[in-house]
Structures are given as C-alpha cells and as structure tokens.
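Numbering (my numbering), first residue to last: 16 to 440. Everything on this sheet refers to the single structure shown next.
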C-alpha cells in the first residue's frame, strides 16, 4: 500500500477512533426549561469535533459545573473515573452535586462516542432492552379526579404510577392537623423539628383519599406515594400503618434521608416498602441506609448521586443488601437518557421517573432516537454511541430560559480559575 493509499483509508476513518488523542477544549452551557423548571445543559467540546452532553440537576446553579471547567481543559474525557475522582470533592448532597454529575454524564457521552459504543456498555453492559417509566402525575384534591388521571396513564401504557398524598389534603378539615403557629406555612424546617402531627381525623381523610383513588385505578398497577409533608416520625408511623391496607408500591421521603434511625423505626413499623434517596450524593452517602436495612427501595437521582457509573455502584451496593433501585428524574431528555443507560446496566432496577410526559416539546429537544421517546410506558435503550442523542438546536433555542437566553455562549472567564484542590498534605 502506498502512502497515498494509506491517506485515503485514513480519510475514511472516523477520527473518534483516536480516543488516546482526544482532549477537552471547552465547556459551555445553555439553560432550557419552563415554569419553575430549569435544566442547564452542559456541552463539552473536544479537539476532534465531537462534543459530550450532560445536565445539571433542575434547581441547581450552572456555576456548579462552570467552576470545574479549568480542571477539565486539556484532559482526555475517556479517563472518566480519573476525572470524576478529581472533581467529586466539589459536589455534595442535594442540588450541590449537580455540576459534578452533569459533567460525568458528558464524559460518558464523549467516551462512548470516542470508542463507538453506548454508554451502558462502558458501565458493563445491559440487563434490559427497554426501561420502565413511571410518571409523577399532577395532584388534585379531588380523589376521583386523581384516580381518573392515573387511569389515563394506565391507558397510555404506563405500568407503574405515583401520586402525592400529603397533609395538603387535610386543608379545610377542622382538627385534622396539629401544628404550632406558622409551621404549616414554612418548608424550611426539617420534619423532626416542626412538631406537626396528624390527628386520627387527618389520617382517616388521607386514607379515604387513597381508597377512592384505588377504587378508580384498581390494584393491579403499582402505585407509589410521595410528598407527605413535614410531619414527625410518630405521625409517619401511624399514617404508614393506616395505609398498609392499600398495598402501595412504596412510601417516599416521609422523613429526611439523613435520619437513618428514623427510617429503621418507620420500616419496622409497617408492611409497605419505604423509599428514599433522591438527594443523596455518592455511594458512601447511602451506606448507612443499606447496612441498617432502613429502606426497601432506594431512589437516587443520577444528577445528584454522582452520574452514570457512581449510580450503578449505588444500585449494585443496594442489591447486595436486598434492596431494589428506582430512579428519580425531573430533567430534560439529556438527563433522561443518561438515566436510561444507568438503568439498563443495573440489575435490581425497577422504574425511572419522568415529570414531562405531558410536555409536547420535551421529545423534540433531542435527535438521534426514535420518537416518541417513551413508547407504551417504556424508553427503548439507545444503541448509538455515548448517550445516543444530539441536541435539536432549533428547539433548544426556542425553549431557553428568558433570564438566561444564551445558547452555549463562550465561558472564557472560567478557563483559568485556580485553587489548591488536594485534600491531603
């Protein structure tokens, strides 16, 4: 073969096949969303013309990602674990892990594109070809109407449901809730410190609501419950026992995740599975809940828990303790697809949340996958490289947040930020 023949062959080769030479050259962000939702989309650019997509969790600042840009420039994104270990110290529980997690998604997207494989393959391969979706359904105080809303979901093919069952259902009912003045109006006080308690009348009102809903939906499709309000553990226990007869799929976040001992008390007091986890960062944050058998279902959000690989580790650790994993997700199709790859690669996974099943333009934010993205209650696992998607530039521009209208504008002010990051001397 002559040198000119070799050059012609190289011209036909995808330069993504040179992953050892791949380098990160830029990070930019565009913020899309609607109403109260804000989805900061991350784009990592490279010297080979491919880019990686990630997403900062809803409600988190894009600065949580941008502050890490200088630590990534010039690095090979295929070294996902090494780079994750470099930046993970800058995340924390709740929304504060959003930057680290969004970057990890983008690194996995880039690594998959560089090697020409789906992200789930980088996580060890897949256990399933499609991922079950459950949709968080807007609440209404009218129980029969709530039942009809959920029944409509079943008619659309969804095989797992969730609704809110909280103390808001007791509003207007005399003597249903006992609370110190002002506590019902604030959301800034943790549950154990509010001294809000349900009376028997309040518990009965909430049970009647669930009973009416179930009389419409039936009992064959699993139905989970969330957003109970900032009530103390004693009221949670009494309510959980009362709800046992409706065989709900799980009771979610009844108390803050930090109080493992309270979750042990709650789990030991009732027969309904207990669930938490959407605000926990890194697998170490879940360890106490697992070791103490405090929950039956763990519910991490990949955009908080550490990204694709770390969340798979959470699922694997849960499995070792006999605990199943569902996934919280309230973002754009970028976060959704990252979650799908993780779910596909995690054996004890059951269902992935989606808050946007009624949002007409949600699907249109991305291209590269079959539409609709959710098909008969499931998302088929993408087979394209990386996350298997690219952004639909026109649609993304149409739905930029008005307070942050730039479309992946340059961010040179973050290029040379410096800090002594090492945690040891």
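All residues carry an ideal CB built from backbone N, CA and C; glycine is no exception.
Out of 145, 351, 243, which has the shortest C-alpha to C-alpha gap to residue 183?
243
Pull up the CB-CB distance for residue 177 and residue 360, whole angstroms please, since I reckon it's below 8 angstroms.
About 23 angstroms; that fails the 8 angstroms criterion.
Close Cβ partners of residue 322 (< 6 angstroms) along its chain, the five nearest in sequence each way excluded:
116, 119, 120
Cβ-Cβ separation, residue 377 to residue 348 (assumed contact under 8 angstroms), whole Å:
7 angstroms
Within this structure, are the beta carbons of residue 237 and residue 173 separated by less than 8 angstroms?
no
Near residue 77, which residues of its chain fall below 7 angstroms by C-beta distance, leaving aside the five closest residues on each side in sequence?
44, 46, 55, 71
How big is the Cα-Cα spacing for residue 241 and residue 280?
18 angstroms
Under the DSSP definition of a beta bridge, which residues are partnered with residue 53?
48
For the segment 89 to 97 against the segment 125 to 133, are there 3 or more C-beta pairs whose distance is under 8 angstroms?
yes
Taking residue 220 as the reference, which of 290, 352, 185, 196 has the closest Cα?
Looking at the Cα atoms, 185 is the closest of the given residues.
Proximity to residue 215 [Cα-Cα], best of 204, 193, 233, 327
193
Tell me which residue opens and which closes the beta strand (DSSP E) that residue 177 is part of.
176 to 179
What do you get for residue 234, buried or exposed, if any count of 16 or more other CB atoms within 10 angstroms of its CB means buried?
exposed
How many Å lie between residue 79 and residue 333 at the Cα?
28 angstroms
Taking the C-alpha atoms as reference points, what is the distance between residue 213 and residue 270?
Going from the Cα of residue 213 to the Cα of residue 270 covers about 14 angstroms.
Who are the near neighbours of residue 433 in its chain, counting only those whose CB is closer than 8 angstroms to its CB and skipping five residues on each side?
Excluding its 5 nearest sequence neighbours in each direction, residue 433 has C-beta neighbours in its own chain below 8 angstroms: 85, listed in chain order.
Measuring alpha carbon to alpha carbon, tell me which residue in 81, 165, 136 is nearest residue 372.
165
In whole angstroms, what is the alpha-carbon distance linking residue 423 and residue 132?
26 angstroms
For residue 340 versus residue 369, is the C-beta distance shorter than 8 angstroms?
no
Within 10 angstroms of the Cβ of residue 342, are there 16 or more other Cβ atoms? Answer buried if so, exposed if not.
buried
Mind listing, in chain order, the continuous beta strand (DSSP E) runs of no fewer than 3 residues lying wholly within the segment 218 to 249?
Entirely contained in the segment 218 to 249, the beta strand (DSSP E) runs reaching 3 residues are, in chain order, 238 to 241.
Give the list of continuous beta strand (DSSP E) stretches no shorter than 3 residues that lie fully inside the segment 324 to 395.
339 to 342, 364 to 369, 393 to 395
Measuring alpha carbon to alpha carbon, tell me which of 282, 319, 301 ends up nearest residue 311.
Among 282, 319, 301, the Cα nearest to that of residue 311 is on 282.
Which full runs of the alpha helix (DSSP H) of 4+ residues lie inside the segment 131 to 178, going along the chain?
At a cut-off of 4 residues, the continuous stretches assigned as alpha helix (DSSP H) that sit fully inside the segment 131 to 178 are 134 to 137, 158 to 170.
Simplified DSSP assignment, three categories, for residue 120:
It is helical.
Looking at the unbroken beta strand (DSSP E) that takes in residue 289, where does it start and where does it end?
Counted as a single uninterrupted DSSP element, the beta strand (DSSP E) harbouring residue 289 occupies residues 289 to 291.
Does the beta-carbon distance from residue 292 to residue 272 come in below 8 angstroms?
A contact, by the Cβ cut-off of 8 angstroms.
Residue of 275, 162, 353, 367 minimising C-alpha distance to residue 381:
353
Report the option in 366, 143, 144, 168 whose CA atom is closest to the CA atom of residue 153.
168
Following the continuous beta strand (DSSP E) through residue 70, name the residue where it begins and the one where it ends.
66 to 70
Taking just the CA atoms, how far does residue 358 sit from residue 41?
29 angstroms
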